[in-house]
Amino acid sequence: MLDESLLSTRTSRMGSSAIREILKVLARPGIVSLAGGMPAPEAFPMDHVEGLFGKVISKYGSDALQYGTTEGFTPLKAALAKYLNGRGIQTKAEQINITTGSQGVLDALGKIFVSPGDAIAVEAPTYLGALQAFNPYEPEYVEMETDEQGLIPESMEEVVRKHHPKLVYLVPTFQNPTGRTIPLERRRQIAEIAARHNVLVVEDDPYGQLRYRGDHVAPIQSFAPEQVIYCGSFSKVFAPGLRVGYYVAPDFVREWLIRAKQGVDLHTSSLSQALAAEFLAEGLMEQHLPKIIKLYKPKQEAMLQALRDFFPDSFRWTEPEGGMFIWAEGPKGLDTVELYHRAVEKKVAFVPGRYFYTREGAGAETMRLNFTMADEETLRAAVQRLSEAIKET
Ligand SMILES: Cc1ncc(COP(=O)(O)O)c(C=O)c1O
Numbered sequence: 000m001l002d003e004s005l006l007s008t009r010t011s012r013m014g015s016s017a018i019r020e021i022l023k024v025l026a027r028p029g030i031v032s033l034a035g036g037m038p039a040p041e042a043f044p045m046d047h048v049e050g051l052f053g054k055v056i057s058k059y060g061s062d063a064l065q066y067g068t069t070e071g072f073t074p075l076k077a078a079l080a081k082y083l084n085g086r087g088i089q090t091k092a093e094q095i096n097i098t099t100g101s102q103g104v105l106d107a108l109g110k111i112f113v114s115p116g117d118a119i120a121v122e123a124p125t126y127l128g129a130l131q132a133f134n135p136y137e138p139e140y141v142e143m144e145t146d147e148q149g150l151i152p153e154s155m156e157e158v159v160r161k162h163h164p165k166l167v168y169l170v171p172t173f174q175n176p177t178g179r180t181i182p183l184e185r186r187r188q189i190a191e192i193a194a195r196h197n198v199l200v201v202e203d204d205p206y207g208q209l210r211y212r213g214d215h216v217a218p219i220q221s222f223a224p225e226q227v228i229y230c231g232s233f234s235k236v237f238a239p240g241l242r243v244g245y246y247v248a249p250d251f252v253r254e255w256l257i258r259a260k261q262g263v264d265l266h267t268s269s270l271s272q273a274l275a276a277e278f279l280a281e282g283l284m285e286q287h288l289p290k291i292i293k294l295y296k297p298k299q300e301a302m303l304q305a306l307r308d309f310f311p312d313s314f315r316w317t318e319p320e321g322g323m324f325i326w327a328e329g330p331k332g333l334d335t336v337e338l339y340h341r342a343v344e345k346k347v348a349f350v351p352g353r354y355f356y357t358r359e360g361a362g363a364e365t366m367r368l369n370f371t372m373a374d375e376e377t378l379r380a381a382v383q384r385l386s387e388a389i390k391e392t
């Protein structure tokens with residue numbers, strides 16, 4: 000009989016079964032999940048989708064169903080260049096490549112840059128999906144310190160100087176999991192450190208457009224286009240099922256990422272790319288985004304108000320200006336995995352924060368709360384039940 004002895008040594012780093020195991024209970028009926036990271040289905044532009052399909056077929060015909068180039072669908076790259084320039088990103092259409100979700104580029108980055116034992120610098124905490132993408136390439140993670148304003152540039156500089164990481168992986172805007180945004184001055188410093196030490200920064204930005212308050216902050220890429228790979232996605236602003244992401248990168252990085260992608264999926268779905276191209280070219284992004292913001296902003300406010308009303312004084316939490324997550328931190332000694340099991344008994348789930356750290360034992364008292372899926376009333380009731388579980392723990 001076939002068994003796991005067939006597996007490559009690489010799979011030993013592809014674990015994360017602990018988190019999969021604890022999140023299994025989400026399938027139980029009646030649980031309100033604050034654990035997810037999914038956009039609300041009401042946030043999808045359903046009123047435009049049928050029209051978009053029609054336009055794609057009449058405009059591109061069989062090209063929308065044919066094999067395409069690994070670099071991506073040319074009309075999408077052209078529309079993206081215009082859109083990204085408007086957000087401060089320095090790029091031309093030919094410097095943009097399309098990926099299968101922004102997740103698609105993370106694996107490729109691991110593949111082309113990371114040999115076993117190479118360092119990758121990450122924020123503490125960081126996006127779990129990036130760790131899952133990099134893990135099979137057997138990196139050594141080096142955590143960089145963060146505070147209320149996200150990554151501390153001095154910590155990045157120290158890590159870069161000591162460990163010479165192959166990549167510095169950052170989610171600078173409405174970070175997953177904390178919701179924090181690195182302010183402009185720190186971004187300038189980060190860009191300057193990257194240039195001075197000649198290190199490659201990955202700026203992963205799937206949430207930047209989901210801003211409910213405050214002003215857009217220029218991307219790190221705009222200060223150091225030669226040091227930064229800027230990654231974006233249609234998942235949170237159109238629909239994740241399309242699986243369309245993109246990146247802007249220095250020339251040699253792009254060439255190698257294309258070679259990596261060729262061997263994985265040849266190219267991203269032509270049909271999805273054509274839909275995304277028309278969505279942008281027809282100005283639907285500008286029309287639709289305010290609707291998503293109008294949907295999420297009150298949900299976030301409801302969760303923040305519920306936290307103020309119900310959570311004990313010993314807790315602190317972030318108050319992000321956008322995105323999909325709030326990060327809460329309890330007193331030292333609290334174990335949010337234990338709390339999780341109690342909360343599930345009260346039919347509410349969240350993600351214990353420890354899974355977003357690469358260091359064993361870090362973040363035991365933290366948790367990530369998502370507010371996009373449930374309605375305001377449900378969110379308030381869920382936070383109330385969660386605080387009851389806290390008081391019992
Ligand atoms: C920080 C970050 N990067 C990348 C992704 C992947 O998104 P997608 O592949 O759907 O574009 C996510 C998804 O939640 C994310 O939070």
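Just so we're aligned, residue 0 is where the sequence shown starts under numbering that gives the first Met the number 0, counting upward by one.
Note that beta-carbon positions come from the ideal geometry of N, C-alpha and C, so glycine has one too.
Note that this is a predicted model, so its numbers are computed, not measured.
Checklist entry - Just to confirm, does A42 get its C-beta within under 8 Å of one of the non-hydrogen atoms of ligand 1? => result For this step, residue 42 is matched to residue 43 along the sequence shown. Not under cutoff, so the answer is no.
Item to check | Reduced DSSP category for A327 - H, G, I as helix; E, B as strand; rest coil | outcome: Working through the sequence shown from its first residue, we reach residue 327 at position 328. If DSSP states are grouped into helix, strand and coil, A327 belongs with the strands.
Checklist entry - Does DSSP put Y82 in a helix, in a strand, or in coil? => result Residue numbering aside, residue 82 sits at position 83 when the sequence shown is read from its first letter. In the structure shown, Y82 sits in a helix (DSSP, three-state: H, G or I).
Next on the checklist: Give me, in chain order, the residues of the same chain whose beta-carbon lies closer than 8 Å to that of K390; leave out the 5 immediate sequence neighbours on both sides.
Outcome noted: Reading the sequence shown from its first residue, position 391 is the one you call residue 390. Cβ within range, chain order: P311.
Checklist entry - How many angstroms separate the CA atom of R195 from the CA atom of E156? => result Locating residue 195 in the sequence shown gives position 196, where the first residue counts as 1. Locating residue 156 in the sequence shown gives position 157, where the first residue counts as 1. Rounded to whole angstroms, R195 to E156 spans 10 Å at the Cα level.
Item to check | Collapsed DSSP secondary structure at M13 in the structure displayed | outcome: Indexing the sequence shown from 1 puts residue 13 at position 14. Coil.
Item to check | Which of helix, strand or coil DSSP assigns to V247 | outcome: Position 248 of the sequence shown, counting from 1, holds the residue named residue 247. DSSP places V247 in strand when its eight states are reduced to three.
Checklist entry - If we ignore side chains and look at the alpha-carbon of each, how far apart do P396 and E153 end up? => result With the chain running from 0 to 392 in the structure shown, residue 396 is simply not present.
Item to check | Where M366 falls: helix, strand or coil (DSSP) | outcome: Start at 1 with the first residue of the sequence shown, and residue 366 comes out as number 367. Looking at M366 - three-state DSSP - the assignment turns out to be strand.
Item to check | Euclidean distance between Cα positions of R19 and W326 | outcome: Within the sequence shown, the letter at position 20 stands for residue 19. Within the sequence shown, the letter at position 327 stands for residue 326. If I take the Cα positions, the gap works out to 20 Å.
Next on the checklist: So, with DSSP's three-state summary, where would you put N197?
Outcome noted: Against the sequence shown, residue 197 aligns to sequence position 198. Coil.
Item to check | Under the three-state DSSP convention, the category P124 falls into | outcome: Here residue 124 is taken as the residue at index 125 of the sequence shown, counted from 1. P124: coil per DSSP, three-state reduction.
Next on the checklist: Let me check you understand the geometry: is the CB of R242 closer than 8 Å to at least one non-hydrogen atom of ligand 2?
Outcome noted: This structure simply doesn't include ligand 2; it includes ligand 1 instead.
Next on the checklist: Given this structure, state the Cα-to-Cα distance separating A190 from P138, to the nearest angstrom.
Outcome noted: Locating residue 190 in the sequence shown gives position 191, counting from the first residue. Locating residue 138 in the sequence shown gives position 139, counting from the first residue. About 23 Å.
Item to check | Any non-hydrogen atom of ligand 1 closer than 8 Å to P319 Cβ | outcome: On the sequence shown, position 320 is the one that residue 319 refers to. Placement of the Cβ of P319 at a distance of 8 Å or more from every heavy atom of ligand 1 is found.
Checklist entry - From L368 to E337, what does the alpha carbon distance come to, in whole angstroms? => result Numbered from 1 along the sequence shown, position 369 holds the residue referred to as residue 368. Numbered from 1 along the sequence shown, position 338 holds the residue referred to as residue 337. L368 and E337: Cα-Cα distance of roughly 16 Å.
Checklist entry - What residue from L378, A80, H163, K331 has the CA that sits closest to Y246's CA? => result Position 247 of the sequence shown holds residue 246. Out of L378, A80, H163, K331, A80 has the C-alpha closest to the C-alpha of Y246.
Next on the checklist: Tell me which residues pass a beta-carbon proximity test against ligand 1: closer than 5 Å to any heavy atom, given in chain order.
Outcome noted: G36, G100, S101, Q102, Y126, V170, N175, D203, P205, S232, S234, P239, G244
Next on the checklist: Between the stretch 357-374 and the stretch 210-221, can you find at least three pairs of beta-carbon atoms closer than 8 Å?
Outcome noted: no
Next on the checklist: Please list the terminal residues of the continuous alpha helix (DSSP H) segment that includes M155.
Outcome noted: For the purposes of this step, residue 155 is identified with residue 156 of the sequence shown, where counting begins at 1. From DSSP, the alpha helix (DSSP H) with M155 extends over 152-162.
Checklist entry - Between G149, T145, I111, which lies nearest to F133 when the distance is taken from Cα to Cα? => result For this step, residue 133 is matched to residue 134 along the sequence shown. When only C-alpha atoms are compared, the closest one is I111.
Checklist entry - Are the beta-carbon atoms of A39 and Y206 separated by less than 9 Å? => result Looking up residue 39 in the sequence shown gives position 40. Looking up residue 206 in the sequence shown gives position 207. No, the Cβ-Cβ distance between A39 and Y206 is not below 9 Å.
Checklist entry - Which residues share a DSSP beta bridge with W316? => result Counting from 1 along the sequence shown, the entry for residue 316 is found at position 317. A327, per the DSSP bridge assignment.
Next on the checklist: Can you list, in chain order, the residues of its chain with a C-beta nearer than 8 Å to that of L179? Leave out the 5 residues immediately preceding and following it.
Outcome noted: Here residue 179 refers to the residue found at position 180 of the sequence shown. Checking the sequence shown, residue 179 turns out to be Arg, not Leu. Answer for R179: T145, E147, Q148, G149, F173, T317, P319, W326, listed in chain order.
Checklist entry - Run through DSSP, which three-state label would M37 get? => result For the purposes of this step, residue 37 is taken as residue 38 along the sequence shown, with counting starting at 1. Of the three classes helix, strand and coil, the one that applies to M37 here is coil, per DSSP.
Checklist entry - CA-CA distance, T73 and R253? => result Taking the first residue of the sequence shown as position 1, residue 73 is located at position 74. Taking the first residue of the sequence shown as position 1, residue 253 is located at position 254. Their Cα atoms are separated by approximately 16 Å.
Item to check | N- and C-terminal bounds of the beta strand (DSSP E) containing G231 | outcome: The residue given as residue 231 occupies position 232 in the sequence shown. From DSSP, the beta strand (DSSP E) with G231 extends over 227-232.
Next on the checklist: I'd like the list of long-range same chain contacts for F237, defined as Cβ closer than 6 Å, with 5 residues on each side in sequence excluded.
Outcome noted: Sequence index remark: in the sequence shown, residue 237 carries index 238 (1-based). Counting only Cβ-Cβ distances below 6 Å, and skipping sequence neighbours, we find F278.
Checklist entry - So Y339 is in the alpha helix (DSSP H); what residue range does that whole segment cover? => result On the sequence shown, residue 339 is found 340 positions in, with the first residue counted as 1. Start and end: 335-344.
Item to check | CB of I181 within 9 Å of CB of I228, strictly | outcome: Here the question's residue 181 lines up with position 182 in the sequence shown. Here the question's residue 228 lines up with position 229 in the sequence shown. Taking 9 Å as the Cβ cut-off, I181 and I228 do not qualify as a contacting pair.
Next on the checklist: I'd like the list of long-range same chain contacts for A275, defined as Cβ closer than 7 Å, with 5 residues on each side in sequence excluded.
Outcome noted: Translated into the one-based positions of the sequence shown, residue 275 becomes position 276. Taken in chain order, the residues that qualify are L75, F233, F237, L241, V243.
Next on the checklist: If I measure Cβ to Cβ from A107 and keep anything under 7 Å in the same chain, skipping five residues before and after, which residues do I get?
Outcome noted: Residue mapping note: residue 107 aligns to position 108 of the sequence shown, counting from 1. Here the set comprises L256, A259, K260.
Checklist entry - Curious, which full-length alpha helix (DSSP H) runs of at least 4 residues does the stretch 260-316 contain? => result Scanning the stretch 260-316 from its first residue to its last, the whole alpha helix (DSSP H) runs of 4-plus residues come out as 269-280, 283-309.
Item to check | Residue burial classification, L270 (beta-carbon count within 10 angstroms, cutoff 16) | outcome: Working through the sequence shown from its first residue, we reach residue 270 at position 271. Buried is the call here.
Item to check | Beta-carbon spacing of F324, G36 below 9 Å | outcome: Working through the sequence shown from its first residue, we reach residue 324 at position 325. Working through the sequence shown from its first residue, we reach residue 36 at position 37. Between F324 and G36, the C-beta gap is smaller than 9 Å, which places the two residues in contact.
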